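Everything on this sheet refers to the single structure shown next.
In the numbering used here, the protein residues as written are 13 to 633.
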């Protein structure tokens, strides 16, 4: 009896000293993660089984040095990163670095994603604690714990990428990283270089929705990996296969729909066709099957995963089909977004370009100054030393456009006459069907060149007419950092004029894509067969005076716009006109009676401009 008690005592004692088994990332998340309404649409305990494809992705970080996830939206990409972070903090404390596209995202990421995870997870809260205003070990950018820390850095700031050693590097949305972090080079290379001292323990995780196939980093990383796809068994024959959207003999989504009287697209049925037996199966039947990751190739150090919304428990196939039909109706801009964010695939440009002859042949006779289909007018002004170049454009449903008039106004920009003439032109109206008068609802005016102050003085008193100064910002050749089309709004220091900062490279892509549309409808561009309105061969040469080229910097591809001719004002004005529509965002699907119209303005507006070297003043109504 005594001997038995002694054995039990030693057994109990030994179990207490046994090393705790390390949980996989998915096991750790299932045991410890709690999602809140701050960061998730489904609050409550984390369940990996809710989206089974997540398990293998998260657990692969235990054995593989690099893991790549090319995915659509709504599949839990950021949660992969957070679960890996939490698992390492709790079980294998070490230095961890989260890299975001730029430093402006750090605060939101820290407060809305990382901090809620820590505060609602007992093991993490015990190690890191709740942030205090004077706690230097727990800040927005960095949170310390025994054995390590988790830091958040922007890919555009080299200081955050090139200092202390790091064991785990987690890169989020890498397709939106700049080409260079300041002057230091590729941000991915900078971040991963910090893991050299850890050798066999280092881990790199790259996550992103892809963008453009020619320059997509995540697609390049994925293609140089095991290239695994999430495959589900056919409900009929049991053959494993990835879910595809494009329907055909190789399988894919087949759907039925109709358009209601109000114009709404209604999808009534959506099923997936098997690539092997050809049978259709419902979404419920397909998603009920036990899926698995199937690799397309072998790789020694990098495991790659691709997943789209069709496999996500948070998406509905009918909604996916509807999103496709809406995007198709609204044009190439929306189709790109659909391919990237819903299918998780990079967009591939199939049509290389357009030329002036092709566009000239598309000229057509307008029955009225403003043709049927136009709902609003916008204008754009390019400022040159001896003239203004102005273009008026009409817009209809789906951003279908009609060029109305291209005008050059010559004169001495140091004198008020030319400014008054410009103002009178912008005040006039154009006549459409039934005698309807159209006025300009908004204007973007270039403030570059030698008359920046004068442009500010002209636009400031006319802002109530939505006449704004703009400043174009191209891609930075040192960083190639992406600048959104409507980047930001500021006020000038002296004139207090509204200044719209435009990412012109983005704008040029939008214009160029619309020029490539060959059938009337969304984004199609109409041109009048009227040289007196300015639509001559010279105009079309200027409209096609730039082309986009792919260049390589430090092994990373990105695109730049290159001028093929000296005069490109028509192309610039097309970008500025598109900016007015993106800025004001009129609902072009509404009837013309519900569209905004420019105010009735007395064109007798005086502009006083003094000679160079002295203060220039303009007076507006």
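Even for Gly, the Cβ is constructed at its ideal location relative to N, Cα and C. Fair warning: this is a prediction, and the values are worked out from it, not measured in the lab.
Buried or exposed by the 16-neighbour rule on C-beta atoms within 10 Å, applied to residue 581: buried
Per-residue burial, residue 175 [other beta carbons within 10 Å of its own, 16 or more giving buried]: exposed
Neighbourhood of residue 251 by C-beta distance below 6 Å, restricted to the same chain and skipping five residues each side: 288
Rounded separation between residue 433 and residue 547 - CA only: 21 Å
Inter-residue spacing [alpha-carbon to alpha-carbon] between residue 377 and residue 608: 26 Å
Closest residue to residue 486 among 477, 478 and 496 (Cα-Cα distance): 496
Cβ separation of residue 425 and residue 463, assumed to be a contact under 8 Å, to the nearest whole Å: 5 Å
Rounded distance between the beta-carbons of residue 162 and residue 97, thought under 8 Å: 6 Å
For residue 125, the nearest candidate out of 99, 520, 52 and 156 (CA to CA): Distances from the alpha-carbon of residue 125 to those of 99, 520, 52 and 156 put 52 closest.
Assumed close pair residue 246, residue 183 - CB separation to whole angstroms, cut-off 8 Å: Contact doesn't hold; Cβ gap of about 36 Å is too wide.
contact_flag[the segment 412 to 432, the segment 535 to 555] where n(CB pairs < 8 Å) is 3 or more: yes
Residue burial classification, residue 241 (beta-carbon count within 10 angstroms, cutoff 16): buried
Exposure of residue 331, with buried meaning 16 or more beta-carbon neighbours within 10 Å: exposed
Through-space distance from residue 498 to residue 196, alpha-carbon basis: 28 Å
At least three beta-carbon pairs within less than 8 Å, the segment 305 to 316 to the segment 226 to 240: yes
Burial state of residue 292, where buried means 16 or more other Cβ atoms lie within 10 Å: That one is buried.
Alpha-carbon to alpha-carbon, residue 191 and residue 205: 16 Å
N-terminal and C-terminal residue of the alpha helix (DSSP H) that residue 129 is part of: 127 to 131
Beta-carbon contacts of residue 83 that lie in its chain and below 6 Å, excluding the five residues immediately before and after: 89, 319 and 356
Nearest-angstrom Cβ-Cβ length linking residue 407 and residue 387, presumed shorter than 8 Å: 6 Å
Own chain, CB closer than 6 Å to residue 478, minus 5 neighbours either side, in chain order: 454
Delimiting residues of the alpha helix (DSSP H) encompassing residue 270: Counting along the chain, residue 270 falls outside any alpha helix (DSSP H), though it belongs to the beta strand (DSSP E) covering 264 to 271.
Contacting residues, own chain, Cβ-Cβ under 6 Å from residue 382 (five flanking each side not counted): 406, 442, 444 and 450
Continuous alpha helix (DSSP H) assignments of at least 4 residues falling wholly in the segment 80 to 136: Runs of the alpha helix (DSSP H) inside the segment 80 to 136: 89 to 103, 118 to 121 and 127 to 131.
For residue 95, the nearest candidate out of 75, 112 and 67 (CA to CA): 67
Range of the contiguous beta strand (DSSP E) that encloses residue 52: Taken as a continuous stretch (DSSP letters only), residue 52 belongs to no beta strand (DSSP E), as it is neither H nor E.
Buried or exposed (CB count within 10 angstroms, at least 16 for buried), residue 270: exposed
Residue 511 beta carbon near the ligand NAP (any heavy atom closer than 7 Å): Looking for the ligand NAP in the displayed structure turns up nothing, as the structure carries no ligands at all.
Simplified DSSP state of residue 29, which is helix, strand or coil: Legend: pLDDT at residue 29 = 49, less than 50; position of this residue unreliable, value from coordinates given subsequently. The answer is helix: DSSP assigns residue 29 an H, G or I state.
Among 354, 514 and 588, the one whose alpha carbon lies nearest that of residue 403: 588
Inter-residue Cα distance where the pair is residue 350 and residue 37: 31 Å
Alpha-carbon spacing of residue 554 relative to residue 576, whole angstroms: 10 Å
For residue 185, the nearest candidate out of 207, 121 and 55 (CA to CA): Nearest option by C-alpha distance: 121.
Cα-Cα separation, residue 603 to residue 274: Those two C-alpha atoms are separated by around 12 Å.
At least three beta-carbon pairs within less than 8 Å, the segment 338 to 350 to the segment 528 to 537: yes
As assigned by DSSP and simplified to three states, the class of residue 166: DSSP places residue 166 in strand when its eight states are reduced to three.
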